[in-house]
Amino acid sequence: MSTPKYIDIHVIQTLPFSNVNRDDTGSPKTVEFGGVERTRVSSQSWKRVVRQHVEEAVGGETVRTRRVVVGVAERLIKQGWEKSEAEAAGVQIALSAGKKISLKQEKDESDEVVLTTNVLLLLPESGIDELAALADEHREVILAEAKKAKKLTGMKPKLPSERINEILSRRSATINLFGRMVAELPGANVDGAVQVAHAFTTHGTAVEYDFFTAVDDIEQKLDLPGSGYMDTALFSAGTFYRYANVNLTDLLRNLDQDTDLARVLVKTFLDGFITTVPSGKQNATAAVTLPDLVHVTVRDDRPVSLANAFEAPVGGGDGFVRKSAHRLDSHAGAIAELLGESHVLFSAHTTTPGAMPKNAEGWGHLGVNARSFEKLIDDAVGVALPGGRS
């Protein structure tokens, strides 16, 4: 049997009236595809909730932040450091990390000015604890340098940069999955093993305007006319095509060939990709649906998106789910003819009744019906990463 290299996951999922991922104007994101405007959900938006799902499942929270200086200072203050001393320690950590990392002033949520790094750093949250412990080891050196300098940012680096960069370069489960790019710390870069596409509706959509008002309860009791507040919010709805792939070779390289851990991460990623929904406007819409169709393949040659199945928008009339599923099945069959099926080591799907063909048990080009998300994931990972424990 050929060596599995990629897992592809394709999802057809309907989101009702919602705005899970909005642009800078508050409108649902869009894309023009096939000459028709579609609703879009960015890969970053869906990837974030999947990352959080993985971290909750396997542990080891990862933080993306420019506030490492603040984080170090907060931890030292809890250990008994004076605030000014703790802030000096946080600044020393940043200054000693390397010449390419600089500091700038920002206001925090309480309108207090704080120092932040010029770049977002991605590291296990435990790494900030380790940086604070490192500063605590060098307390006398830090305080002596702070005393000499006219201002904190004018201090000279005094901490061991190798240890700081080693901590900043630590990896977590999700860093091994999704990667990390920090140009200012080249040794911290990690090639991601996961690619996630922007989700888009299989059909044309239009943004809906929702005019709403809020009642002022006291004014109402006084029989005063009018509302306390009025505004307009923007929403959309549609059936989406979603796609992602996992490069098994890259993931195993990131994990030093630890197949057992790779199995856990891939299973958790696939589960998260299937079951999570971005959080935007969810309190107002509760658009927490599950996919209508999930199709997973394991390949030994290359990843294959089926997005072009929907370059021509699906027509409505009696809904989009079954028609989208039919389009996906048909396109998957055409791709199989073009590439041949010898490179497909596993192919299966799960579906809701609404996505099943009217006159058949399953779809002809989407593999066997696994009946449940759990079995679909277990079977796919069993072929992709055989042996070991899950």
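For the sequence shown, the UniProt record's numbering assigns the number 1 to the initial residue and increments by one for each residue that follows.
Heads up, the beta-carbon is just placed ideally off N, CA and C, and yes, glycines get one too.
Neighbour-count burial assignment, Leu222, 16 or more Cβ in a 10 Å radius: exposed
Round the Cβ separation of Ser27 and Leu234 to the nearest angstrom and send it over; I've been treating them as touching at under 8 Å. 4 Å
At the level of alpha carbons, what is the spacing between His331 and Thr268? Using only the alpha carbons, I get a separation of about 28 Å.
To the nearest angstrom, how far is the alpha carbon of Ser390 from that of Asp271? Note on Ser390: pLDDT 44, under 50, position unreliable in the model; the coordinate value appears next. Distance between the alpha carbons of Ser390 and Asp271: 14 Å.
Find out if the Cβ-Cβ distance for the pair Leu120, Gly90 is shorter than 9 Å. no
Ala73 versus Glu87: straight-line alpha-carbon distance, rounded: If I take the Cα positions, the gap works out to 5 Å.
Residues in the same chain with beta-carbon distance under 8 Å from Asp379, minus the five sequence neighbours each way, listed in chain order, please. Phe346, Ala348, Ala370
Can you name, in chain order, every residue of its own chain whose Cβ lies under 6 Å from the Cβ of Asp216, other than the five neighbours on each side? Gly228
So is Met155 buried or exposed if we call it buried at 16+ other beta carbons inside 10 Å? buried
Restricting to Cα atoms, I'd like to know which of Gly179, Asp231, His295 is closest to Asn247. Of the listed residues, the one whose Cα sits closest to Asn247 is Gly179.
Short Cβ contact (9 Å threshold) for Phe373 with Thr352: no
Determine the direct distance from the alpha carbon of Asn189 to that of Ala183, and round the result to whole angstroms. 8 Å
Cβ of residue 438 within 9 Å of Cβ of Ala336? Here the chain comprises residues numbered 1 to 390, so residue 438 is not present and cannot be evaluated.
Give a yes or no on whether the C-beta atoms belonging to Pro124 and Ser172 are separated by under 9 Å. yes
Just mark Ala309 as buried or exposed, buried being the case when its beta carbon has 16 or more other beta carbons within 10 Å. buried
If you follow the alpha helix (DSSP H) that Ala384 is part of, which residue opens it and which one closes it? Segment 373-384, the alpha helix (DSSP H) holding Ala384.
Nearest-angstrom Cα separation, counted from Leu385 out to Gly354: The alpha-carbon atoms of Gly354 and Leu385 are separated by roughly 32 Å.
Local conformation of Phe212 per DSSP, three classes: strand
Inter-residue Cα distance where the pair is Val298 and Arg163: Rounded to whole angstroms, Val298 to Arg163 spans 40 Å at the Cα level.
Using alpha carbons as the reference points, say which of Leu177, Lys358, Val344 lies closest to Ser2. The alpha carbon of Ser2 has as its nearest neighbour, out of Leu177, Lys358, Val344, the alpha carbon of Val344.
Cα-Cα, which of Asp111, Ser169, Glu140, Ala287 is closest to Gly238? Ala287
Considering only residues of the stretch 51-101, which uninterrupted alpha helix (DSSP H) runs meet the minimum length of 4 residues and lie entirely inside it, listed in chain order? 68-78, 83-97
How would you call Leu152, buried or exposed, if buried means at least 16 neighbouring beta carbons within 10 angstroms? buried
So what does DSSP say about Thr116, is it helix, strand or coil? strand
Kindly indicate which three-state DSSP category Arg22 falls into: helix, strand or coil? Arg22: strand per DSSP, three-state reduction.
Hey, Val194 and Ala244: beta-carbon distance below 9 Å or not? yes
Integer-rounded CB distance, given that Ala199 should sit under 8 Å from residue 392: The first residue shown for the chain is 1 and the last is 390, placing residue 392 beyond what the model contains.
Near Thr276, what residues of its chain come up, given a Cβ to Cβ distance below 6 Å and the 5 sequence neighbours on each side ignored? Val49, Val50, His53
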